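S.K.: For reference, the structure I am asking about is given below.
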């Protein structure tokens with residue numbers, strides 16, 4: 005009697021195909037993990053820069069407001085005895101109210117910026133709450149689910165063919181998708197910076213008008229006299245140089261105008277233009 009040997013080349017092809025795909029699957033899996041990790045790190049850096057910029061703006065506007073108040077108080081405190089002290093007290097009270105209103109305005113600006121930032125960051129991280137399984141599935145072995153390698157190997161081979169095609173598409177599609185998220189986050193933060201600076205500038209303008217009103221009342225209503233400006237070294241006075249935060253002065257030393265640092269680069273994407281923050285900031289304070 006002649007022996008009959010089993011011949012199942014397609015079943016063997018299934019196994020060899022899975023073994024061939026396994027290194028590619030690992031390669032793509034690592035790519036997905038690294039791409040998502042890089043995106044999260046890039047977003048963290050953007051958030052850190054945003055906080056740094058906002059705090060520099062906040063500190064500078066606050067110190068500039070104090071400088072304006074000190075100048076007016078110096079005028080009030082050094083008036084001749086012949087000037088009505090009660091009237092001067094009203095001017096002092098008006099200046100204090102102007103400062104308190106400016107403080108409320110500045111707090112509103114930073115609160116609005118934080119609220120908008122929180123919403124955008126939440127959306128970004130919601131989109132980033134993915135891992136390699138969302139893109140690749142759990143391993144390669146799911147192609148065998150509900151299949152019989154001996155009875156219907158063609159079905160498994162079809163699944164493996166689809167899986168192979170998907171793996172070849174992931175590097176480009178995933179990179180483009182994640183890069184778009186990071187780029188959009190950067191654009192959003194730039195817009196929030198501009199809105200914040202605009203809000204603070206509006207509040208500062210109202211502060212300036214209020215201080216001018218207080219000064220005008222001091223001169224016209226109280227019949228005060230203009231006192232020569234105090235020396236820069238006089239205790240309690242803030243010089244123009246002192247009104248610039250140390251952090252920003254250090255920033256200027258490290259990065260002259262001709263070499264403003266560029267935004268962080270994410271995985272080889274085109275370098276983003278610096279935000280409008282520095283330009284608006286320098287224009288505002290003539291730096």
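Numbering (this note's numbering), first residue to last: 5 to 291.
All C-beta atoms in this analysis are idealised placements derived from N, C-alpha and C, irrespective of residue type, glycine included.
It should be emphasised that the depicted structure is a prediction, and the values quoted were computed from it without experimental measurement.
Have a look at residue 182 and residue 123 and give me their C-alpha separation to the nearest angstrom.
M.R.: Taking the first residue of the chain shown as 1, we reach residue 182 at position 178. Taking the first residue of the chain shown as 1, we reach residue 123 at position 119. Taking the straight line from one Cα to the other gives about 19 Å.
S.K.: Looking only at its own chain, which residues have a Cβ that is under 6 Å from the Cβ of residue 221, when we skip the five neighbours before and after it?
M.R.: Walking along the chain shown from the start, residue 221 turns up at place 217. The residues are 95.
S.K.: Does the segment 195-209 come close enough to the segment 57-65 to have 3 or more Cβ pairs within less than 8 Å?
M.R.: yes
S.K.: Using DSSP with H/G/I as helix, E/B as strand and the rest coil, what is residue 197?
M.R.: On the chain shown, residue 197 is found 193 positions in, with the first residue counted as 1. Of the three classes helix, strand and coil, the one that applies to residue 197 here is helix, per DSSP.
S.K.: Should residue 102 and residue 215 be called a contact, given that it needs their Cβ atoms to be closer than 8 Å?
M.R.: Along the chain shown, one-based indexing puts residue 102 at 98. Along the chain shown, one-based indexing puts residue 215 at 211. Going by C-beta atoms, residue 102 is nearer than 8 Å to residue 215.
S.K.: Rounded to whole angstroms, what is the Cα-Cα separation between residue 84 and residue 229?
M.R.: Position 80 of the chain shown, counted from the start, is the residue given in the question as residue 84. Position 225 of the chain shown, counted from the start, is the residue given in the question as residue 229. For residue 84 and residue 229, the distance between alpha carbons rounds to 8 Å.
S.K.: Does the segment 160-169 come within contact of the segment 15-24, defined as at least 3 CB pairs closer than 8 Å?
M.R.: The segment 160-169 vs the segment 15-24: in contact.
S.K.: Does residue 224 pass the burial test, meaning 16 or more other C-beta atoms within 10 Å, or should it be called exposed?
M.R.: Start at 1 with the first residue of the chain shown, and residue 224 comes out as number 220. Exposed is the call here.
S.K.: Consult DSSP for residue 28 and reduce its assignment to one of helix, strand or coil.
M.R.: For the purposes of this step, residue 28 is taken as the residue at position 24 of the chain shown. Helix at residue 28.
S.K.: For the structure I just gave you, are there three or more beta carbon pairs, one from the segment 69-81 and one from the segment 24-41, closer than 8 Å?
M.R.: no
S.K.: Classify residue 209 as buried or exposed, calling it buried when 16 or more other Cβ atoms lie within 10 Å of its own Cβ.
M.R.: Position 205 of the chain shown, counted from the first residue, corresponds to residue 209. It counts as exposed.
S.K.: Which same chain residues end up closer than 6 Å to residue 79 when comparing Cβ atoms and leaving out the 5 residues on each side of it in sequence?
M.R.: For the purposes of this step, residue 79 is identified with residue 75 of the chain shown, where counting begins at 1. The answer, listed in chain order, is 231.
S.K.: Taking all protein chains shown into account, do 16 or more other C-beta atoms lie within 10 angstroms of the C-beta of residue 49, making it buried, or fewer, making it exposed?
M.R.: By one-based count along the chain shown, residue 49 stands at place 45. It is exposed - the Cβ of residue 49 has fewer than 16 other Cβ atoms within 10 Å.
S.K.: With a 10 Å radius around its C-beta and 16 neighbouring C-beta atoms as the bar for buried, classify residue 119 as buried or exposed.
M.R.: One-based indexing of the chain shown puts residue 119 at position 115. Under this definition residue 119 is an exposed residue.
S.K.: Sort 42, 22, 29 by Cα distance to residue 179 and report the nearest one.
M.R.: Against the chain shown, residue 179 aligns to sequence position 175. In terms of Cα proximity to residue 179, the closest of 42, 22, 29 is 42.
S.K.: How many Å lie between residue 185 and residue 129 at the Cα?
M.R.: Looking up residue 185 in the chain shown gives position 181. Looking up residue 129 in the chain shown gives position 125. Answer to the nearest angstrom: the Cα atoms are 10 Å apart.
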